[in-house]
Amino acid sequence: MMSLERVLLGSALLLMLGNAHALEGQNVFTQGGSQPGAAPCVACHGADGLGLAAAGFPRLAGLPAGYLRKQLEDFKSGARNSPVMQPLANALTQEEINAVTRELAAMPAPVAVSVHRSEMPTEAAQKIALQGAWERQIPACVSCHGPAGVGVGDAFPPLAGQSAAYLAAQLNAWRSGTRHNDPNDLMGHIAKSLSAEEVQAVATYFASLSGQEARP
Amino acid sequence: MKLLLLATLASVPVHAATIAMEDQSQLQPVARSTAAAQFQPPQESELPDNAYGKLVKQGYALFVDTKRLAPQFVGNGLNCSNCHLDQGRLANSAPLWGAYPMYPAYRKKNDKVNTFAERLQGCFQFSMNGGTPPAADSPEITALSVYAYWLASKAPLGVELPGRGYPDVPTPAKGYDLAQGAEVYKGQCAVCHGAEGQGQKVGDSYVMPPLWGKDSYNWGAGMHRINTAASFIKHNMPLGKGGSLTDQQAWDVAAYVNRHERPQDPRLVEGSVEKTRLKFHANDGVNLYGQTVDGVLIGQGIR
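So the protein lines, in turn, are chains G and F.
Mapping of the first sequence onto numbering that gives the first Met the number 0: position 48 corresponds to residue 47, and the numbering continues sequentially without gaps.
Mapping of the second sequence onto numbering that gives the first Met the number 0: position 299 corresponds to residue 298, and the numbering continues sequentially without gaps.
As structure tokens, this is what we get:
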């Protein structure tokens, strides 16, 4: 049987360990990783981690740690292309990736407006978002990304609270095949069926579901 | 391993594949047709701005947001649109425009002529595991019926339209294989429906529906038949990639999904799974209710 002292000591150690992880994650976020080239996230993604809409840098704050971890690992392995992110991810250790993604997931996300399933779309982009375009095998965006695009689990990231510029850039990367790190080509085959105009319109729709675009 | 599995199964379900699907007697679909020949339901933009249009919209809302809007009649986590894709419009996904013009019709399931309202009540009772269904003249059944009627606008009465139901997928010559089904599930389905078939939620509402367990369809739902689930899966899953699985994969994964526990058949006879099997399942397509798989009796129900 474990003595009280040992339990207390164990808890204290765990607490310290937890803090150390948080601290490390915060350090990577604000100051960068321990190895050369691991620039801090804040430089491009903002002090609040909400991204820089004008430059197309995405929000990271509040995204699931599992999704962020996979993206960093995919940048490392080359499964996801980005001339900016690939060298950065390469310079991060696995521990730093784990710590910073946990930190980011815990940061406050913008509050998305709520859109019920029962709401009927009133224009074309909304129709794709809420109902899909089944004559082209395109399911509703919300059927995987959740109501109002808030994101579902580790595999389906939030669309709400991302800038139209980032969303459109990613959809276009899937359309052209330069991004292909989605499970089972679930996003790729859909993006390839969308027109350039639809990409822009759907991206604008989801960006409009949070206050981010209006941010100064 | 595979042999062993087949041997285990051979004692019961595989032979059942030859038994006709009772309840689909009115649902024998015409051979698949090209999209051009498909019935086209009206567009929402064509809805009139009057009491009728308003009721259609209410039916639409109930159809896609059933759990939230009619919680007293939905005992699990599902919405109608989980099994009837594209708001009940999609061909080969049991579209409402294919069903509405076929009622009233005799159904062996309850051995009587059913009105469309009674058919909807059946959905609530079994697929939605909802206990006592809404009354035939309730606001829910009325709105859903009006929505279905509207989708079937200009469809011929009593004519089996191409794309109705879930068109049959031939039983594989070797039967199905649960171990292969588990592999298909892991590779193709788990990303959305979860490793344990539990679905995925945002808040307390399911985005991806649970495929088994207490929040899924019960043992009396048509989807519990492996042949029906195989047809649904083949034509519609993975979402947006219908037709991408082979017939064999569709059957294997349908069997894997439907070997798992779900809420009890509400028609349970004298508390006995065996009596319920004999009365309702023995002659109802291919299903595992009341069978023993890997030494475990299937169909005990889950709350």
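Just so it is clear, CB atoms sit at the ideal spot from N, CA and C, and this is done for glycine as well.
Is it the case that the Cβ atoms of residue i and residue j are separated by a distance below 8 Å?
i: L62/G; j: P146/G; result: no
i: G32/G; j: E95/G; result: yes
i: A348/F; j: Q37/F; result: Outside the modelled stretch of chain F, which goes from 0 to 302, sits residue 348/F, for which no answer is possible.
i: P100/F; j: V112/F; result: no
i: S92/F; j: Y216/F; result: no
i: A202/G; j: A139/G; result: no
i: V268/F; j: K278/F; result: yes
i: A124/G; j: A200/G; result: yes
i: V190/F; j: N183/G; result: yes
i: T105/F; j: Y184/F; result: Reading the sequence as shown, one finds Tyr at residue 105/F and not Thr. Taking 8 Å as the Cβ cut-off, Y105/F and Y184/F do not qualify as a contacting pair.
i: A90/G; j: A37/G; result: yes
Check whether the Cβ of residue i lies closer than 8 Å to any Cβ atom in chain G.
i: G294/F; result: no
i: E43/F; result: yes
i: S32/F; result: At S32/F the pLDDT is 47, less than 50, meaning the model places this residue with poor confidence; the figure from the coordinates comes in the next sentence. By this cut-off, S32/F is not an interface position.
i: K56/F; result: yes
i: A35/F; result: In this prediction, A35/F has a pLDDT of 46, which is less than 50 and means its spatial position is unreliable; what the coordinates show is noted afterwards. So no, A35/F is outside the interface.
i: Q71/F; result: no
i: P209/F; result: no
i: G121/F; result: no
i: L95/F; result: no
i: Q86/F; result: yes
i: A220/F; result: no
i: C82/F; result: no
i: Y59/F; result: yes
i: V63/F; result: yes
Going by DSSP in three states, residue i sits in which element: helix, strand or coil?
i: P70/F; result: helix
i: N49/F; result: coil
i: L158/G; result: coil
i: N113/F; result: strand
i: G241/F; result: coil
i: S24/F; result: Residue placement at S24/F is flagged as unreliable, the pLDDT there being 45, under the threshold of 50; a coordinate-derived value is accordingly withheld.
i: P138/G; result: strand
i: S318/F; result: A query on residue 318/F cannot be resolved here, the shown segment of chain F reaching from 0 to 302 and no further.
i: A147/F; result: helix
i: D283/F; result: strand
i: A190/G; result: helix
i: V228/G; result: What the structure shows of chain G is the stretch from 0 to 215, and residue 228/G is not part of that stretch, so it cannot be assessed.
i: V295/F; result: strand
i: L71/G; result: helix
i: R302/F; result: coil
i: A132/G; result: strand
i: L51/G; result: strand
i: F125/F; result: helix
i: F38/F; result: coil
i: R79/G; result: strand
Could you check whether the Cβ of residue i sits closer than 8 Å to any Cβ belonging to chain F?
i: Q136/G; result: yes
i: A154/G; result: yes
i: S117/G; result: yes
i: S175/G; result: no
i: N183/G; result: yes
i: A202/G; result: no
i: S162/G; result: no
i: G187/G; result: no
i: G145/G; result: yes
i: V112/G; result: no
i: G148/G; result: no
i: S194/G; result: no
i: Q25/G; result: no
i: V151/G; result: yes
i: Q85/G; result: no
i: G131/G; result: yes
i: V198/G; result: no
i: S209/G; result: no
What distance in whole Å lies between the Cβ atoms of residue j and residue i, which are believed to be in contact at a cut-off of 8 Å?
i: F62/F; j: C82/F; result: F62/F to C82/F, Cβ: 11 Å. No contact.
i: A154/G; j: F205/G; result: Between F205/G and A154/G the Cβ distance is about 17 Å, and since that is not below 8 Å, they are no contact.
i: V112/G; j: C40/G; result: That belief does not hold up - the Cβ atoms of V112/G and C40/G are roughly 27 Å apart, past 8 Å.
i: N180/G; j: D73/G; result: 5 Å
i: V145/F; j: G58/F; result: 5 Å
i: L77/F; j: P208/F; result: 5 Å
i: G193/F; j: D214/F; result: With a Cβ gap of about 11 Å, G193/F and D214/F do not count as contacting.
Would you give the residue range spanned by the beta strand (DSSP E) that residue i belongs to?
i: Y105/F; result: 104-106
i: Y205/F; result: 204-207
i: V201/F; result: 199-201
Between which two residues does the alpha helix (DSSP H) containing residue i stretch?
i: M84/G; result: 84-90
i: K126/G; result: 123-129
i: T227/F; result: 225-235
i: E118/G; result: Here E118/G belongs to no alpha helix (DSSP H), and DSSP marks it neither H nor E.
i: A163/G; result: 163-175
i: Y204/G; result: 195-206
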